[in-house]
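Scroll down for the structure; my scribbles are underneath it.
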Amino acid sequence: MTIKEIQEEIIDEFSMFEDWMERYEYIIELGKSLPLIDEAYKLDENLIKGCQSKVWLHSELKGDTIEFTADSDAILTKGIVALLLRVFSDQTPKAILDADTEFIDEIGLKEHLSPTRANGLVSMVKQIKMYAIAQQSKLAN
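With my numbering as the guide, the letters of the sequence shown map in order to residues 1 to 141.
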């Protein structure tokens, strides 16, 4: 699936919920399904700067796509990370760099987060894009 198709699927899923309490519950459920990150990657260098809670993000090139793994010490943040990994994991660096993140606004996520969590969300997206730049340069060599 393309990034755009995955984003549209997420927008459809979120449109089924009546209110934001249901959406928060869904995000928390997504966090529970996030595959565990290898403990070896829970290093300070994999911590995302700018997040209120601890978020570890690791990327690995698998062929020509990037596989992301992540974890967080906060249940809601873990769900947000799970959403982002669903969109960006197993995609090419170019697709990640070319992708927009309008789906975040379309589902109303940023406006329903505290300012510090919203900043953390921006930091997570920025870090995913930085990993894509780094992995793309590996592919070019």
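Using N, Cα and C, we set each Cβ at its ideal position, and we do this for glycine too.
Practice task
Taking 8 angstroms as the cut-off, decide whether the C-beta atoms of residue 144 and residue 28 are in contact.
Solution key: Residue 144 lies beyond the residue range present for the chain, which begins at 1 and ends at 141; the question has no answer from this structure.
Problem - Local conformation of residue 17 per DSSP, three classes - result: Within the sequence shown, numbered from 1, the residue matching residue 17 stands at position 17. Here residue 17 sits in coil by DSSP.
Exercise for the section: Just mark residue 78 as buried or exposed, buried being the case when its beta carbon has 16 or more other beta carbons within 10 Å. Expected result: Residue 78 sits at position 78 when you count from the first residue of the sequence shown. Buried is the call here.
Problem - Whole-angstrom distance between residue 95 and residue 59, CA atom to CA atom - result: Taking the first residue of the sequence shown as position 1, residue 59 is located at position 59. Taking the first residue of the sequence shown as position 1, residue 95 is located at position 95. Cα to Cα, residue 59 sits roughly 15 angstroms from residue 95.
Problem - Nearest-angstrom Cβ-Cβ length linking residue 40 and residue 55, presumed shorter than 8 angstroms - result: The count along the sequence shown starts at 1 and reaches residue 40 at position 40. The count along the sequence shown starts at 1 and reaches residue 55 at position 55. No, residue 40 and residue 55 are not in contact; Cβ-Cβ is about 17 angstroms, not under 8 angstroms.
Exercise for the section: Take residue 140 and list the residues in its own chain whose beta-carbon comes closer than 7 angstroms to its own, dropping the five residues that flank it on each side. Expected result: What you label residue 140 is simply residue 140 of the sequence shown in a count that begins at 1. Answer for residue 140: no residue qualifies.
Handout entry: Contact under 8 angstroms by Cβ, residue 142 with residue 91
Key = The requested residue 142 does not occur in the structure, where the chain is confined to residues 1 to 141.
Practice task
Count the other CB atoms, across all protein chains shown, that sit within 10 Å of the CB of residue 89; report buried if there are 16 or more and exposed otherwise.
Solution key: Locating residue 89 in the sequence shown gives position 89, where the first residue counts as 1. Residue 89 comes out buried.
Handout entry: Residues of its chain near residue 74, where Cβ-Cβ distance is below 7 angstroms and the 5 sequence neighbours each way are ignored
Key = Within the sequence shown, residue 74 is the residue found at index 74, counting from 1. Excluding residues within five positions, the ones whose Cβ falls inside 7 angstroms are 53.
Problem - residue 132: first and last residue of the uninterrupted beta strand (DSSP E) it sits in - result: Within the sequence shown, numbered from 1, the residue matching residue 132 stands at position 132. Not the beta strand (DSSP E): residue 132 falls in the alpha helix (DSSP H), residues 115-140.
Handout entry: Proximity of residue 80 and residue 131 at Cβ, strictly below 8 angstroms
Key = On the sequence shown, position 80 is the one that residue 80 refers to. On the sequence shown, position 131 is the one that residue 131 refers to. Not in contact: residue 80 and residue 131 (Cβ atoms no closer than 8 angstroms).
Handout entry: Per DSSP, the bridge partner or partners of residue 53
Key = On the sequence shown, residue 53 is found 53 positions in, with the first residue counted as 1. Looking at the DSSP assignment, residue 53 forms no beta bridge with any residue, so it has no partner.
Practice task
Please look up how many angstroms separate the CB atoms of residue 93 and residue 127, rounded, as I've assumed it's under 8 angstroms.
Solution key: Start at 1 with the first residue of the sequence shown, and residue 93 comes out as number 93. Start at 1 with the first residue of the sequence shown, and residue 127 comes out as number 127. Actually they do not touch by this definition, with Cβ atoms about 14 angstroms apart.
Problem - residue 2 in three-state terms, based on DSSP - result: Position 2 of the sequence shown, counted from the start, is the residue given in the question as residue 2. Here residue 2 sits in coil by DSSP.
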